[in-house]
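Down below is the structure, laid out as structure tokens.
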Amino acid sequence: MVEQSKQWLCDALINLMTKEDFQDISITEIAQTAELSRKTFYHSFKNKEAVINYLCDQLFDQYFEQLLQQKPQVGEPMLKTTFDIFFNFWWRKRDLIQLLIRQGLFDHVNEIWQQKAIPRYQHFAAPWHVHGTPTQVNYVMALQIGGLTNILRVWLGQDQPEPPEQIKDLMLLAAQQLADSLNTNQIS
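Okay, here's the thing in structure tokens:
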């Protein structure tokens with residue numbers, strides 16, 4: 001019942017954010033929209049930001065589950081599959097991501113993703129993962145996650161974002177150009 005109440009409160013906040021600014025939404029309003037009491041709200045969440053964090057936590061868990069379903073591959077095929085999962089997953093969630101961007105709440109996605117990704121780093125065996133100290137892994141994850149969340153912000157922050165296949169091809173081209181530049185012994 002606790003998880004169901006959390007979900008109802010989360011859904012209520014999302015519904016309210018489609019109509020008004022996050023800052024203007026009260027706890028009472030969220031609870032009433034969810035048809036729950038303020039007491040239930042405070043048993044579930046500390047504040048409105050905690051609801052957003054819960055939402056972002058759910059999104060990351062759903063994304064990570066899809067990521068883990070792919071078969072390990074070597075090199076470019078793994079990157080293509082990973083990008084395909086990434087762009088298609090977030091494309092299906094674009095209305096919610098666009099709402100978070102409009103409400104100035106998108107940074108919660110990056111924060112939650114960074115917290116949850118590091119402990120799961122070894123569970124997703126990608127050939128581009130660094131095998132190093134926890135500090136080294138933290139820096140590499142910050143680079144990767146920061147890049148991916150900023151792509152989401154730019155891509156889905158548009159009124160008419162490109163289809164996932166188009167943005168995936170663009171990112172694969174960028175990755176290939178980066179790899180090529182690292183493998184070149186000559187400076188032009």
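Per this note's numbering, the very first residue in the sequence shown carries number 1; after that it's consecutive.
Glycine included, C-beta positions come from ideal geometry on N, C-alpha and C.
Terminal residues of the continuous alpha helix (DSSP H) containing W90? E76 to R92
Compare the Cα-Cα distances from E111 to each of F83, L79, N150 and A175 and report the closest residue. With distances taken between Cα atoms, E111 lies closest to N150.
Just to confirm, is the Cβ distance from L55 to L96 under 9 Å? yes
Considering only their Cβ atoms, is the gap separating R102 from P161 smaller than 9 Å? no
Are L99 and V109 close, meaning C-beta to C-beta below 9 Å? no
Following the continuous alpha helix (DSSP H) through K46, name the residue where it begins and the one where it ends. No alpha helix (DSSP H) contains K46, which DSSP labels as neither H nor E.
Excluding the 5 residues preceding and the 5 following F87 in the sequence, name in chain order all residues of the same chain whose CB lies nearer than 7 Å to its CB. P164, I167 and K168
Beta-carbon spacing of I27, R38 below 9 Å: The beta carbons of I27 and R38 sit closer together than 9 Å.
What did DSSP end up calling K19 once you bin it into helix, strand or coil? coil
Helix, strand or coil, according to DSSP, for A34 in the structure here? coil
Cα-Cα, which of L59, E65, F22 and F60 is closest to N47? F22
Taking the beta carbon of L79 as the centre, do at least 16 other beta carbons fall within 10 Å, making it buried, or is it exposed? buried
Per-residue DSSP class, three states only, for M1: In the structure shown, M1 falls within a coil segment according to DSSP collapsed to helix, strand and coil.
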